[in-house]
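Novice:
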Amino acid sequence: KMSKKGRVFQEGWDWEYLFVEQSLKPECLVCQSELSDESWLCDLAFLCDVTEHLNTLNVKLTGSKQVITEMYDSVKAFQLKLRLLEKQLQQGNLFHFPCQYGAGA
């Protein structure tokens, strides 16, 4: 289960085509420059993926009937997961970063 804000942010990555359509309008000069910048799009994709992982942790921490030790375990497990994800990124493995993979990083 994902929080509403997390779903909206993750689904926001799927809205890229809407931004591209909007960027064709002359008043959207910022959109044009950012959406044509591959580095910026990769950063946006990375942000979406990281937010997805944080949202998963948030849902675990805000679940009902949890004791502090369970919450502590969830945070420690997330810290280990971050180390694993860092190593995978260094190796070019984007399995746990679907938006980043889709951005062509």
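For the sequence shown, this note's numbering assigns the number 99 to the initial residue and increments by one for each residue that follows. Glycine residues also receive a C-beta, built at the ideal position from the N, C-alpha and C atoms.
1. Within 10 Å of its beta-carbon, does D147 have 16 or more other beta-carbons around it, so buried, or fewer, so exposed?
2. Rounded to whole angstroms, how far is the Cβ of Q186 from the Cβ of H194, which I believe are closer than 8 Å?
3. Alpha helix (DSSP H) containing F144: first to last residue?
4. Less than 8 Å between the beta carbons of K163 and S172, yes or no?
5. Quick check: the Cα distance between Q177 and L152, rounded to an integer number of angstroms?
Specialist: Looking at the atomic coordinates:
1. buried
2. 7 Å
3. From DSSP, the alpha helix (DSSP H) with F144 extends over E136 to L159.
4. no
5. Rounded to whole angstroms, Q177 to L152 spans 11 Å at the Cα level.
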